[in-house]
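Asks: UniProt numbering numbers the first residue of the sequence shown as 1 and each following residue consecutively.
A virtual CB, placed ideally from N, CA and C, is assigned to each residue, including glycine.
Because the structure is a prediction, the values reported are computed rather than measured.
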Amino acid sequence: MSLLSAERAIAPLVEDFAARHFDEDAIKHWVLSRGIPRYVYEDFYEGELGGFLMPAEAGGNECSFLERASLIAQITRRAAATLPFLSDMLTYALISTMRSLSRHELVDYMKANSGRILLSEAFTEDNAGSDANAVATAVTIDGDHLYLDGCKTFVSNGQFAPSMLVLARDSVLGMEDGGISLWVVPVDAEGVSTFPINSVGQEMLAPARISFRHVLLDPEWRIQTEGRLNIMLKRQYELGRILICASSLGLARAAMDDALAYSSSHMTKGRCLASLPQIQTKLTEMEVRLRSMDLLVESAAALVDGGESDEFHLNCALMKYFVPKAATEVASEALQIFGNRGYTDQTRVGRIWKDCRGNQIAQGADEVMVHAATRFLVKGAEA
Numbered sequence: 001m002s003l004l005s006a007e008r009a010i011a012p013l014v015e016d017f018a019a020r021h022f023d024e025d026a027i028k029h030w031v032l033s034r035g036i037p038r039y040v041y042e043d044f045y046e047g048e049l050g051g052f053l054m055p056a057e058a059g060g061n062e063c064s065f066l067e068r069a070s071l072i073a074q075i076t077r078r079a080a081a082t083l084p085f086l087s088d089m090l091t092y093a094l095i096s097t098m099r100s101l102s103r104h105e106l107v108d109y110m111k112a113n114s115g116r117i118l119l120s121e122a123f124t125e126d127n128a129g130s131d132a133n134a135v136a137t138a139v140t141i142d143g144d145h146l147y148l149d150g151c152k153t154f155v156s157n158g159q160f161a162p163s164m165l166v167l168a169r170d171s172v173l174g175m176e177d178g179g180i181s182l183w184v185v186p187v188d189a190e191g192v193s194t195f196p197i198n199s200v201g202q203e204m205l206a207p208a209r210i211s212f213r214h215v216l217l218d219p220e221w222r223i224q225t226e227g228r229l230n231i232m233l234k235r236q237y238e239l240g241r242i243l244i245c246a247s248s249l250g251l252a253r254a255a256m257d258d259a260l261a262y263s264s265s266h267m268t269k270g271r272c273l274a275s276l277p278q279i280q281t282k283l284t285e286m287e288v289r290l291r292s293m294d295l296l297v298e299s300a301a302a303l304v305d306g307g308e309s310d311e312f313h314l315n316c317a318l319m320k321y322f323v324p325k326a327a328t329e330v331a332s333e334a335l336q337i338f339g340n341r342g343y344t345d346q347t348r349v350g351r352i353w354k355d356c357r358g359n360q361i362a363q364g365a366d367e368v369m370v371h372a373a374t375r376f377l378v379k380g381a382e383a
């Protein structure tokens with residue numbers, strides 16, 4: 001299945017959902033309020049679209065990862081904004097790497113405690129981005145009890161999800177995983193404090209800083225990983241990069257949609273803006289970037305269901321290095337085409353540009369991807 005065929009299969013569902021909810025005034029309000037209304041969430045997850053995001057254990061569809069990535073790209077394009085469904089899918093990607101028993105136990109736990117399959121992902125710290133082994137948040141033992149202390153940052157939906165997956169340094173129970181462990185911690189547990197982060201873009205992800213001050217841990221909150229946690233995290237980061245790039249692709253397409261509509265209708269000195277050679281060059285270069293982004297996202301997403309391989313990891317690194325940066329460039333050119341209006345909230349392109357720029361950092365910055373790609377390129381040359 002290609003990205004295009006996946007899009008065709010899902011497009012009618014996305015269009016129907018967007019027609020009901022994606023009014024531009026409403027989206028502007030959601031951005032300002034840093035979230036979407038509960039009824040929109042419920043409509044999404046109770047309808048057919050939710051099945052493409054939810055894990056199978058929770059009633060989700062048995063579909064390819066390419067289809068899931070296509071959904072993120074399409075719904076982001078229609079909204080011209082990063083939606084919280086992206087952070088949900090990032091968490092579900094991690095759940096998909098767990099052993100079957102752990103997946104079922106986690107779903108049952110969430111249903112019993114909140115009635116919703118909703119988790120935030122508390123991995124990132126000030127000095128530990130995508131490096132799991134650099135986390136400082138730690139599990140300690142005091143008498144017969146386990147405690148969690150530390151601080152996480154940029155936890156999407158961290159103030160509002162009922163529970164969070166917390167990655168911690170753990171010399172007590174995590175030795176089989178190299179001294180780290182994964183826990184499900186209720187956000188209302190004693191000692192947990194959440195603080196909003198006023199991000200420049202991607203406001204609907206509602207990022208938060210979360211502090212853990214001697215939080216008493218229930219041993220049943222620990223995810224059983226059987227020494228596979230590093231493998232799980234590595235795969236989850238790759239899946240996350242594909243989803244981030246799918247979102248970037250959707251944002252860039254929205255910017256192109258707006259740039260084409262504006263340049264083909266706006267007149268300057270008696271001429272259509274799109275007839276000017278400078279604008280034609282911009283539009284052509286934007287389309288070249290978009291088609292390149294399409295191919296890179298498809299090449300990575302198509303290999304997900306085939307398991308681990310050096311080609312898969314190389315494709316993910318090349319994709320993550322190129323796509324978010326290219327999306328930012330497309331959005332920047334769209335803003336330039338709009339002129340001073342593009343630098344206001346009268347158009348969507350300014351919002352798109354801010355959201356695209358954040359994706360150059362999320363799930364591994366551009367510079368990290370250079371190192372990752374080169375490693376597999378050299379390895380392939382030596383084989």
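1. Expressed to the nearest angstrom, what Euclidean distance is found between the alpha-carbon atoms of ASP305 and SER64?
2. Counting C-beta neighbours from all protein chains within 10 Å, is the total for CYS272 16 or more, i.e. buried, or is it exposed?
3. For PHE195, does the count of other Cβ atoms within 10 angstroms reach 16, so buried, or fall short, so exposed?
4. What runs of the alpha helix (DSSP H), each 4 residues or longer, lie entirely inside the region 32 to 60?
5. Only counting the same chain, and skipping five residues up and downstream in sequence, which positions put a Cβ closer than 8 angstroms to that of GLN336?
6. I believe VAL172 touches ALA122 by the beta-carbon criterion, under 8 angstroms. Please report the beta-carbon distance rounded to the nearest angstrom.
7. Ordered along the chain, which non-local residues of its own chain (more than five positions away) have a Cβ less than 6 angstroms from that of LEU94?
8. Are GLN346 and PRO324 close, meaning C-beta to C-beta below 7 angstroms?
9. Could you compute how far the alpha carbon of TRP353 sits from the alpha carbon of GLU226?
10. Between LEU83, MET89, GLY35, GLY47, which has its C-alpha nearest PRO55's C-alpha?
11. Whose CA, out of ALA317, ALA381, GLU125, GLU298, lies closest to the CA of VAL135?
12. Would you check if the distance between the CB atom of ALA259 and the CB atom of ALA334 is smaller than 7 angstroms?
13. Just checking my contact of ASP310 with GLY240 at CB under 8 angstroms: how many whole Å lie between their CB atoms?
14. Give the secondary structure of GLU62 by DSSP, where H, G and I count as helix, E and B as strand, and everything else as coil.
15. Taking the alpha-carbon of GLY59 as reference, which of HIS104, LYS28, ALA19 has the nearest alpha-carbon?
16. Could you please give me the residues that DSSP links to LEU217 through a beta bridge?
17. Could you tell me which residues DSSP pairs with VAL185 in its beta bridges?
18. Please name the residue in ARG68, PRO12, LEU32, ALA80 whose C-alpha comes closest to that of PHE22.
19. List the endpoints of the continuous alpha helix (DSSP H) containing ALA334.
Replies: This is what the structure holds:
1. Using only the alpha carbons, I get a separation of about 7 angstroms.
2. Under this definition CYS272 is an exposed residue.
3. By the neighbour-count rule (16 or more Cβ atoms within 10 Å), PHE195 is not buried but exposed.
4. Fully enclosed alpha helix (DSSP H) runs of 4 or longer: 38 to 46, 50 to 53.
5. Excluding residues within five positions, the ones whose Cβ falls inside 8 angstroms are LYS282, GLY342.
6. So it is not a contact: roughly 19 angstroms between Cβ atoms.
7. Here the set comprises GLN236.
8. Pairing GLN346 with PRO324 gives a Cβ-Cβ distance that is not under 7 angstroms.
9. Near 42 angstroms, if we compare the C-alpha coordinates of GLU226 and TRP353.
10. Of the candidates LEU83, MET89, GLY35, GLY47, the one whose C-alpha sits nearest the C-alpha of PRO55 is MET89.
11. The shortest C-alpha separation from VAL135 is found at GLU125.
12. By the CB criterion at 7 angstroms, ALA259 and ALA334 fall inside the cutoff.
13. With a Cβ gap of about 19 angstroms, ASP310 and GLY240 do not count as contacting.
14. Coil at GLU62, not helix or strand.
15. Its Cα nearest to that of GLY59, the residue HIS104 stands out among HIS104, LYS28, ALA19.
16. DSSP output for LEU217 lists LEU146 as bridge partner(s).
17. BP columns for VAL185 point to MET164.
18. In terms of CA proximity to PHE22, ALA80 leads the group ARG68, PRO12, LEU32, ALA80.
19. Looking at the DSSP string, the run of the alpha helix (DSSP H) that includes ALA334 is 310 to 338.
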